[in-house]
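For reference, the structure is listed below as structure tokens.
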Amino acid sequence: MDPIVRPDGVAGERLDRVAAVRRELAEHGPPRSPGGGPDFATVTLPERDCDQVRDLLVEEEVGTVVEVGLAYAGSALAISEALLRTGQPNPRHVVIDPFQYTAYDGAGWELLLSAGLDDIAELVTEPSQRCLARLAGAGFTADAAFVDGSHHFHNVFVDLHFLGEIVRPGGIVLLDDVWWPSVGSAVAYFETNLRWRPIPGALADGAADPAGGRPRTGAYRLPDPRPTPDFREFQPFC
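Under the working numbering, residues 1 to 238 are what the sequence shown spells out, in order.
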């Protein structure tokens, strides 16, 4: 049972529309799968994990979220649902995916539009490492971020570096596929050297690595204030 109280009126109708699109996606997959494109079941965050992401973001009362990686919009729909539930003024969901119209033929963005989220969500189709640098340089601020883009260590590291500047002190960063060594190693630097801390119990009931039992998704609280450690304090992280 959903523990979050659903607003009445127009807000409730919007949530019903998003919920219907999410349910259709979970049960039947995207309306189309590009020929030779990534497999829906493989790249999409499971529905239960999406629910946990939504609930955590609602608890955080987020108003602005940055998401890296759209794919078929499973997590994006959950994040936009959270933004509707919190009721913050002028909610904003910045979604970055340079492959949305190549690998995914725009299917994920079309699902967000079909859910009526075009006034909340905006799609950026440039590499996240460039977009996030530009946002950080412009002083853009977010309450939270969800990262499920490139799984190359250097790209994840750069994403997290700039998100550390964009996400407000005390905000949260969520990462999918932390069970991959490249992703887990990147976030380990920020845990070890910049005091990012796992949020106890968050996302605990989500998918896990069948072999080692490591959770698929991680949630981290950023320090407040931001630390500025001396380079001589560097700690090896992997």
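Glycine residues also receive a C-beta, built at the ideal position from the N, C-alpha and C atoms.
Determine the closest residue to I96 out of V178, T125, I172, with distance taken between C-alpha atoms.
Among V178, T125, I172, the Cα nearest to that of I96 is on T125.
Can you tell me whether DSSP reads D243 as helix, strand or coil?
Because residue 243 is not part of the residues shown, which for the chain are 1 to 238, the question remains open.
Based on DSSP bridge pairs, tell me the residues matched to F146.
In the DSSP output, where bridge partners are listed per residue, F146 has E67, L174.
DSSP on R216, reduced to helix/strand/coil?
Residue state, collapsed to three classes: coil.
Looking at the secondary structure, which residues open and close the alpha helix (DSSP H) in which H151 lies?
No alpha helix (DSSP H) contains H151, which DSSP labels as neither H nor E.
Run through the DSSP bridge pairs and tell me what E122 is partnered with.
The partner list for E122 (beta bridge, DSSP) reads V94.
Taking the alpha carbon of P34 as the reference point, which residue from Y72, V62, D55 has its own alpha carbon closest?
The shortest C-alpha separation from P34 is found at Y72.
Please name the residue, chosen from V66, I120, E61, E81, that lies closest to N248 on a Cα-to-Cα basis.
Nothing can be reported for residue 248, as the shown portion of the chain is limited to 1 through 238.
Out of curiosity, what's the CA-to-CA distance linking E148 and P229?
Before going further, note that residue 148 is Asp rather than Glu in the sequence given. Roughly 28 Å between the two C-alpha positions.
To the nearest angstrom, how far is the alpha carbon of P199 from that of L57?
The residue asked about is misnamed: residue 199 is Ile in this sequence, not Pro. Cα-Cα distance, rounded: 12 Å.
Exposed or buried, which one is T64 when buried takes at least 16 other CB atoms within 10 Å?
Buried: at least 16 other Cβ atoms inside 10 Å.
Is the stretch 181–199 touching the stretch 126–141 in the sense that three or more CB pairs, one from each, lie closer than 8 Å?
No, because fewer than three Cβ pairs between the stretch 126–141 and the stretch 181–199 fall closer than 8 Å, the two stretches do not touch.
Who are the Cβ neighbours of G74 in its own chain at under 7 Å, not counting the five residues just before and after it?
The residues are L25, T44, L45, C50.
For A204, tell me which candidate among F40, V53, R32 has the shortest Cα-Cα distance.
Looking at the Cα atoms, V53 is the closest of the given residues.
Would G139 be called buried (16 or more neighbouring beta carbons within 10 Å of its own) or exposed?
The residue in question, G139, is exposed, as its Cβ has fewer than 16 Cβ neighbours within 10 Å.
If you drop the 5 nearest sequence neighbours on each side, which residues of the same chain put their C-beta closer than 8 Å to that of L174?
These residues qualify, in order along the chain: V53, L56, A144, A145, F146, V147, L203, T217, G218, A219, Y220.
Going along the chain, which residues of its own chain have a beta-carbon closer than 6 Å to the beta-carbon of A78, five neighbours each way excluded?
Answer for A78: C50, V53, R54, listed in chain order.
Using only alpha-carbon positions, find the residue among T192, R23, D176, P210 that is nearest to E233.
Looking at the Cα atoms, T192 is the closest of the given residues.
Please classify A11 as buried or exposed, where buried requires at least 16 neighbouring CB atoms within 10 angstroms.
With fewer than 16 other Cβ atoms within 10 Å, it is exposed.
Under 8 Å, do L163 and W196 count as touching if we go by C-beta distance?
No.
Please state whether the Cβ-Cβ distance between A103 and P31 is less than 8 Å.
No. Outside cutoff.
My understanding is that P127 touches P169, with C-beta atoms under 8 Å, so please give their C-beta distance in whole angstroms.
At roughly 26 Å, the Cβ-Cβ gap does not stay under 8 Å, so P127 and P169 are not in contact.
Return yes when the Cβ of Q100 is within less than 8 Å of the Cβ of L84, no when it is not.
No, they are not a contact pair.
Tell me where the alpha helix (DSSP H) around R32 begins and ends.
R32 -> no alpha helix (DSSP H), and no H or E assigned at all.
V62 by DSSP, collapsed to three states: which one?
Three-state DSSP puts V62 in coil, outside helix and strand.
Does the distance from the CB of V62 to the CB of T86 come in under 8 Å?
Yes, Cβ-Cβ distance for V62 and T86 is below 8 Å.
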